Structures are given as C-alpha cells and as structure tokens.
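*Asks:* I have a structure I would like to understand better, so I am pasting it below and will then ask my questions one at a time.
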Ligand SMILES: NC(=O)C1=CN([C@@H]2O[C@H](COP(=O)(O)OP(=O)(O)OC[C@H]3O[C@@H](n4cnc5c(N)ncnc54)[C@H](O)[C@@H]3O)[C@@H](O)[C@H]2O)C=CC1
Ligand SMILES: O=C(CO)COP(=O)(O)O
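This is the structure:
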C-alpha cells in the first residue's frame, strides 16, 4: 500500500500527468474519461474535446453527410449522430449514403435501415441513432451538406468523386476515413488528395486503432485527425467524432496520418507470416518495431513534411499493434488472394468484398 501511494503521489504532479497521461490514466479508468485529456507540449497537437454541448451563439449550423455505409461507415454515422444531437453547431440529421443493395428478403437495404435504424447487413444488432437517414441517391445525399465524411473502400472513390464534381456546396469541408491509396502510373495518390483535387475542397483524414465492431459496442479507443493548416476545421472534426469512448486528437500532418493507416497493412502481412509459421511473440514484436521504422522512412521518402511524432499517435503505433495482433492473418490471406488475382488494390487498401470472405478466419 505504501509502495502504491508513494508511486501515486508523484504521479499527481502536473508535469508527470502531462508527460505520462496513459500511465496516469491507467490508474483510474474513470479519470481517463474525465481528464482534460492529452494536454501535450506539442503545440500542434489538438486535444480531444468531448464538450458538454454548450456551443451557444452559433449562427450557421453544419450539415453532415456520411458517404459510405459499410461496417466503419455505419459506426462513424452512429458516433456522429450522437454528437449532432448534443451540439448546437450541427444539424441533428445525419445523412448516410448507401450503395443500394437488395437483401435476401427482397427488401432494399436503405428501406430496412430507415425502418429499423440498423444496418442489418454491415452492422447488425447496433442502433445507429434515429437521426441517421439512409439515402441511396448520392447526389441528393450530399446536396445540402457542408461537412462530408468519406468512408467507402478506397477503390470506389475515384468513381464517387467523378459523380460528385460540381454537385457539392462551395463551402464544403471533407474528411476521409479511408485506409488505402491509389497507385497510378505517375506514382501513389493519397485518397485525401484525390478528394481535394477532384472536388476542389480541403480534406482532413481520421485514422487510428479503430476496429469498427469494437467501437460499435462502445469499447474505448483513440483516433487521430490529420489536418493541413486550418486548426479550426480540425477542431470541428474532433468535436464531431469525440465521445467518452472515442478519443480523438488532431495533428498537423495529413500525409503522415493517412500513410500510417495505409502502410500498417503491409507490416501486418509480415506479422501474418509470423503467426502462420508459429515464430512467436518476440519475432512478431520485432516485425512491428522494424515495420514502424520502415513506415516512417517510406512516408518521409514520399512526403518530406511527414513528422516523426505522428507515428506515436493512435494512427501510427496503435493502429499497427491492433492490426498486427487482430488482423494479421486477414492481411496475409489478402496477399495470397492478391497473388492469385494479381490485384494490388485488394491488399494495399481494403478490398472489403474479399476481406469479408476472409473475415471468417480472423
Ligand atoms: N471496418 C473497419 O474496422 C475499418 C475500416 N476502415 C476503412 O473504412 C473504409 C470502409 O470500410 P468498411 O466500412 O469496413 O467497408 P465494408 O466492407 O464493411 O463495406 C463495403 C461498402 O462498400 C459498398 N460498396 C460495394 N460496392 C460498391 C460500389 N461499387 N461503389 C460504392 N460502394 C460500394 C458496400 O455497399 C458497403 O457499404 C475502408 O477504407 C477501410 O479501410 C477504417 C477503420 C476501421
Ligand atoms: O483500421 C482498422 C483497424 O484499426 C482496420 O483497417 P483496414 O480497413 O485497413 O483493415
């Protein structure tokens, strides 16, 4: 007991709390949720802001549309919908674009989502919030929005952007939750760049150790928003996503954050080999450590602006750990499929159609 309290007292010092928030937080889970979290010395890091909703005096309410309604798209809609109801700077309604499908029952997926408030195909058993409105018409779904959240498998984004040219509001802000990149003849193209260039809008990203099914049942996790230069917009995205069980931090490094979310899958393939060959945890840890260094080196080669500190955020080391521990054999199976299909996009992103088929192994 003495030993514990002698440890605990110095931990109460503000300096220690700032430097080692995780250690401090792990002493009391409730303090994690109540703390003015992640006050960091890094002036470019915006802390998570789960505000109590007192953002009075707002003249212009933002309207949010989520483009995508798969597993993560549905969970993102649920997170956002809980916040738009709380915060007066947002319209209550969250529109969610659904790539229309006919269910085995013969019903349209959109109709079932709007009737039951559940995405019975991609997130069964979870209520999305009554203010989530599913819409199968892409143009209609985005037409009034000033905040667009893109969360489809990356290989559909080029087509989606083409359909949206000239259809979005002039003042629209975008964010991409998509992990993956387009690899073109000219070189790799980040999805946020694709969105920015095609739609003429600025685009942040949100990545992290974020297995959608865990967040759906409100298990705690963190995420990182990457922004280019507008801190106010970054803060708005942080507000829109943050809940007591989803802690979001913003860093000024769009490319670094997005590359973390993409490249960790390559390291996870190696981790899948380690699992398959039963090489043990030490080897897996080595793969993760070396992999993280290689992710950093490769990212800096592509964009010299990428920051070292980004790799210590949720989008970096945390996503790498969760993917290597939980999804490594999925990534390996995708690589095997790639060898047979010769389709790079299915492993350097998330070819969900195929990924679903290997989820049974995970
Ligand atoms: N599921 C997860 O745990 C996480 C996923 N992500 C990322 O989120 C993005 C979306 O992933 P999920 O929501 O898991 O996808 P998913 O595999 O659950 O769903 C696929 C979605 O694509 C739609 N779709 C199928 N064909 C289409 C087409 N031709 N055009 C447009 N849409 C079509 C389907 O209707 C469905 O909504 C991916 O980039 C993934 O990397 C990021 C973090 C966590
Ligand atoms: O982000 C994930 C876990 O954090 C899952 O990402 P993928 O879609 O790349 O598998």
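Numbering (our numbering), first residue to last: 686 to 1047. Glycine residues also receive a C-beta, built at the ideal position from the N, C-alpha and C atoms. Please read these numbers as outputs of a predicted model, since none were measured by experiment.
#1: Hey, residue 907 and residue 919 are a contact pair by Cβ (cut 8 angstroms); roughly how many whole angstroms apart?
#2: Within the chosen definition, does the segment 929-936 reach the segment 978-991 through at least 3 CB pairs nearer than 8 angstroms?
#3: Does the Cβ-Cβ distance between residue 901 and residue 805 come in under 8 angstroms?
#4: Less than 8 angstroms between the beta carbons of residue 874 and residue 881, yes or no?
#5: For residue 787, count the other beta carbons within 10 Å of its own beta carbon; 16 or more makes it buried, fewer makes it exposed. Which is it?
#6: Which runs of the beta strand (DSSP E) at least 3 residues long sit entirely within the segment 866-936? Give them in chain order.
#7: Alpha carbon to alpha carbon, what distance is there between residue 768 and residue 1007?
#8: Taking residue 964 as part of the alpha helix (DSSP H), name the residues at either end of that continuous run.
#9: Which first and last residues belong to the alpha helix (DSSP H) in which residue 787 is found?
#10: Return the chain-ordered list of same chain residues with a C-beta closer than 6 angstroms to the C-beta of residue 876, the five sequence neighbours on each side being excluded.
#11: Would you check whether ligand 1 has a heavy atom nearer than 7 angstroms to the C-beta of residue 758?
#12: Are the CB atoms of residue 976 and residue 943 nearer to each other than 8 angstroms?
#13: In chain order, what residues of the same chain have a beta carbon less than 6 angstroms from the beta carbon of residue 948, not counting five sequence neighbours either side?
#14: Helix, strand or coil for residue 997, going by three-state DSSP, please let me know.
#15: Looking at residue 816 and residue 868, is the spacing between their C-beta atoms short of 8 angstroms?
#16: Where does residue 765 sit, in a helix, a strand or coil, going by DSSP?
#17: From which residue to which residue does the alpha helix (DSSP H) around residue 844 run?
#18: In angstroms, rounded to a whole number, what distance separates the CA positions of residue 991 and residue 1009?
#19: What is the rounded straight-line gap between the Cα of residue 781 and the Cα of residue 826?
#20: Just to confirm my understanding: we take residue 963, look at its own chain, exclude 5 residues before and 5 after, and list those with CB closer than 8 angstroms. What are they?
#21: Among 807, 765, 773, 772, which has the Cα closest to the Cα of residue 785?
#22: Kindly indicate the opening and closing residues of the beta strand (DSSP E) around residue 752.
#23: Check the C-beta distance from residue 766 over to residue 798 and give it rounded, since I have them as a contact under 8 angstroms.
#24: Need the endpoints of the alpha helix (DSSP H) that residue 1006 sits in, please.
#25: Take the Cβ of residue 1004 as the centre, count every other Cβ of all protein chains shown within 10 Å, and call the residue buried at 16 or more, exposed below.
*Replies:* Looking at the atomic coordinates:
#1: Residue 907 to residue 919, Cβ: 16 angstroms. No contact.
#2: Contact between the segment 929-936 and the segment 978-991 is not established, with fewer than three Cβ pairs separated by less than 8 angstroms.
#3: No, the pair does not count as a contact, with Cβ atoms beyond the cut-off.
#4: No, Cβ-Cβ distance for residue 874 and residue 881 is not below 8 angstroms.
#5: Label assigned to residue 787: exposed.
#6: Runs of the beta strand (DSSP E) inside the segment 866-936: 866-869, 872-875, 887-892, 906-911, 931-936.
#7: Approximately 26 angstroms, taken between the alpha carbons.
#8: Annotation: residue 964 is outside any alpha helix (DSSP H) and is labelled neither H nor E by DSSP.
#9: That residue, residue 787, is in no alpha helix (DSSP H); it is neither H nor E in DSSP.
#10: Here residue 876 has 839, 842, 861, 863 as same chain residues with Cβ atoms under 6 angstroms from its own Cβ, once five neighbours each way along the sequence are excluded.
#11: Yes, the beta carbon of residue 758 sits closer than 7 angstroms to at least one heavy atom of ligand 1.
#12: No Cβ-Cβ contact shorter than 8 angstroms links residue 976 with residue 943.
#13: Contacts found: 980.
#14: In this structure, residue 997 counts as helix in the three-state DSSP scheme.
#15: It is not a contact, given that the beta carbons lie outside the stated cut-off.
#16: DSSP places residue 765 in helix when its eight states are reduced to three.
#17: It spans 842-849 - the alpha helix (DSSP H) in which residue 844 sits, taken as one unbroken run.
#18: A straight line joining the alpha-carbon of residue 991 with that of residue 1009 spans about 23 angstroms.
#19: Rounded to the nearest angstrom, the two C-alpha atoms are 7 angstroms apart.
#20: Within the same chain, residue 963 has no close Cβ partners at all.
#21: It is 807.
#22: Counted as a single uninterrupted DSSP element, the beta strand (DSSP E) harbouring residue 752 occupies residues 747-752.
#23: Distance from residue 766 to residue 798 at the Cβ level is roughly 12 angstroms; contact not present, criterion being Cβ atoms closer than 8 angstroms.
#24: Run containing residue 1006: 1004-1011, per the alpha helix (DSSP H) assignment.
#25: Residue 1004 should be labelled buried.
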